[in-house]
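Shown next, in structure tokens, is the structure this report addresses.
Chains as they are written, first to last, in the numbering used here: chain G, 7 to 166; chain Y, 7 to 166; chain C, 7 to 166; chain E, 7 to 166.
And the structure:
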């Protein structure tokens, strides 16, 4: 396997249940978009967590780190809620031999207009072209987690 | 004006705010879909309420009834949350000279896959072809409100 | 069966083949949209023809008429190219006991923005609410075929 | 400006004109998708050509090369028809100081299901992370143009 995608929840995975009139984290809908892209790479998608990123605990982050360590792939993409993406990126520091790229979206992947496909594609390409390390791919740019912040008002990631 | 559409909120109007990670009733997105349909009728859209239908009060229903009475159109469509659509339909009984059709959706209009456009189109056609009275247009069928119920498990309206 | 949909081709059914870089009439994509609408009516879809409507012959129209006559449903929707929809409507005159509604679209159903779902929903509702006869449901309105024309410049049907 | 996108036509830019019942190269629809991605980079989109890539001449390719040479950006993305993308890539060899990534799509960007957004995002990321040279970003992978071929039957690019 060349590349593994771990899903952890967040806005990108949100689906809507009318029966309850709520909007919850569900099965990741990005699989369908990747099918359309007809990828010429050997990859798989593995669900690790299904949580809003504000609810992630240290134990959850340890689980994600272990999943990355156990993966046979050296190219890793992690889809994640945007609110604590930077914290999870920092918790993944120091894993040798792996290029790890975190991404997510501001609008759920299920929406007609969404940044989800764009961001996942960016992250998959970055994971293949960058040297080992941990990165964030959001809003069309690659970020060093120590130099990125989420601008809540503008609803995007920025360089700091 | 031949036809007036009143929006009241509900699932059909739900939009997503990542900054708050919540899913709230917003400005109705159906306008964009109607633009695409390039309608050959004289109509307008008026926002009356922006609420989940479970939160509607008697005062809210009186407001909707007044809006219908004040409309210069005899053909009326009301978009509404599905949970209490039948109750609002009953609160609109007995208005002479108007064909009133309520509709809504199980998935937000903003979703890539949604029943919103289908239902609004059904309701607009029913409002033009039926005699005066109050009707519900959901799941491809026209319902007499006194003989309709929402099957929450199957997530659709049925004849009773 | 309460309602039968016959597909005949036209813009609504157009799909794109990159291998040939052409845009051809394919399997009707409306089935997927109807699935999303979760219809509460007993219906089926039957493909009769797969042609641009400008290429339809008298023999083709006789085939469509025969399909309608053979249907066990009294409520009939026919999806059709817009250029000769009126001619086909006239070729279906005089069938007793059936409400027949023709519809189509200006943009293929496969497009992200399309009038296809809106028009099919309009036609299905009109087929259930109107008395026997032949009608055209386009651009949100029901037309008597003898009083309708396609305005090619405005890309919509109008009353004449 | 950090990155410039040149559009040249091809499937990715195809729009549909019902009035003529044809499918032609139009104004590039990718602008809307990039708007949704809310990019945090300084870029612009420039239309150079509007052609099926099978119709491109040596003069057309010289025009594209000149546009790249004239650009103030060192990061370049070119959207292009897939049939002769490799030939154009080869015609862009030997431009110092620029990372040039060609991409396109098998389904028009206007479609509800399309590989266009995925591919443009891949290309924009590759243009920012790779050293100077000419590359093709298709089907989730980066290709050296001299080692890529389009598999027409499988409708995707492959390593050779």
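Note that the Cβ used here is the ideal one computed from N, Cα and C, for glycine as well.
Burial state of residue i, where buried means 16 or more other Cβ atoms lie within 10 Å
{"i": "residue 103 of chain G", "result": "exposed"}
{"i": "residue 111 of chain Y", "result": "buried"}
{"i": "residue 166 of chain Y", "result": "exposed"}
{"i": "residue 100 of chain C", "result": "exposed"}
{"i": "residue 154 of chain C", "result": "buried"}
{"i": "residue 37 of chain Y", "result": "exposed"}
{"i": "residue 10 of chain G", "result": "buried"}
{"i": "residue 7 of chain C", "result": "exposed"}
{"i": "residue 19 of chain Y", "result": "buried"}
{"i": "residue 68 of chain G", "result": "exposed"}
{"i": "residue 113 of chain Y", "result": "buried"}
{"i": "residue 152 of chain Y", "result": "exposed"}
{"i": "residue 134 of chain E", "result": "buried"}
{"i": "residue 33 of chain G", "result": "exposed"}
{"i": "residue 86 of chain E", "result": "buried"}
{"i": "residue 159 of chain C", "result": "exposed"}
{"i": "residue 42 of chain G", "result": "buried"}
Start-to-end residues for the alpha helix (DSSP H) that takes in residue i
{"i": "residue 124 of chain G", "result": "122-135"}
{"i": "residue 76 of chain E", "result": "64-76"}
{"i": "residue 18 of chain Y", "result": "Careful: residue 18 of chain Y lies outside any alpha helix (DSSP H) and carries neither H nor E."}
{"i": "residue 43 of chain E", "result": "36-43"}
N- and C-terminal bounds of the beta strand (DSSP E) containing residue i
{"i": "residue 50 of chain C", "result": "49-57"}
{"i": "residue 140 of chain C", "result": "139-144"}
{"i": "residue 162 of chain E", "result": "162-165"}
{"i": "residue 81 of chain G", "result": "81-85"}
{"i": "residue 10 of chain E", "result": "9-15"}
{"i": "residue 105 of chain G", "result": "105-109"}
{"i": "residue 115 of chain Y", "result": "That residue, residue 115 of chain Y, is in no beta strand (DSSP E); it is neither H nor E in DSSP."}
{"i": "residue 95 of chain E", "result": "Premise fails: residue 95 of chain E lies in the alpha helix (DSSP H), 91-97, not in any beta strand (DSSP E)."}
{"i": "residue 156 of chain C", "result": "154-157"}
{"i": "residue 101 of chain G", "result": "Note, residue 101 of chain G: premise wrong, no beta strand (DSSP E); not H, not E."}
Contact set between residue i and chain B, taken where Cβ atoms lie within less than 8 angstroms
{"i": "residue 123 of chain G", "result": "Absent from the structure is chain B; the protein chains it does hold are G, Y, C and E."}
Contacts around residue i, its chain only, beta-carbon distance under 6 angstroms, and the 5 residues preceding and following it disregarded
{"i": "residue 57 of chain C", "result": "15"}
{"i": "residue 53 of chain C", "result": "13"}
{"i": "residue 157 of chain C", "result": "164"}
{"i": "residue 66 of chain C", "result": "55"}
{"i": "residue 63 of chain E", "result": "none"}
{"i": "residue 162 of chain Y", "result": "145"}
{"i": "residue 35 of chain C", "result": "115 and 116"}
{"i": "residue 77 of chain E", "result": "10"}
{"i": "residue 89 of chain G", "result": "59 and 60"}
{"i": "residue 82 of chain Y", "result": "10, 74, 104 and 106"}
Same chain, Cβ closer than 8 angstroms to residue i, five either side skipped, listed in chain order
{"i": "residue 70 of chain G", "result": "12, 14, 54, 55, 84, 94, 97 and 98"}
{"i": "residue 136 of chain Y", "result": "105, 107 and 148"}
{"i": "residue 92 of chain G", "result": "142, 151, 154, 155 and 156"}
{"i": "residue 21 of chain G", "result": "29, 30, 31, 32, 33, 35, 114 and 116"}
Cβ neighbours of residue i in the same chain (closer than 7 angstroms, five flanking residues each side left out)
{"i": "residue 120 of chain E", "result": "111, 113 and 114"}
{"i": "residue 80 of chain E", "result": "103, 104 and 105"}
Assess, as a yes-or-no matter, whether the region 121-138 of chain E is touched by the region 112-128 of chain G under the definition of 3 or more beta carbon pairs within less than 8 angstroms. yes
Please determine if the region 143-151 of chain E and the region 36-49 of chain E are in contact, where contact requires at least 3 C-beta pairs separated by less than 8 angstroms. no
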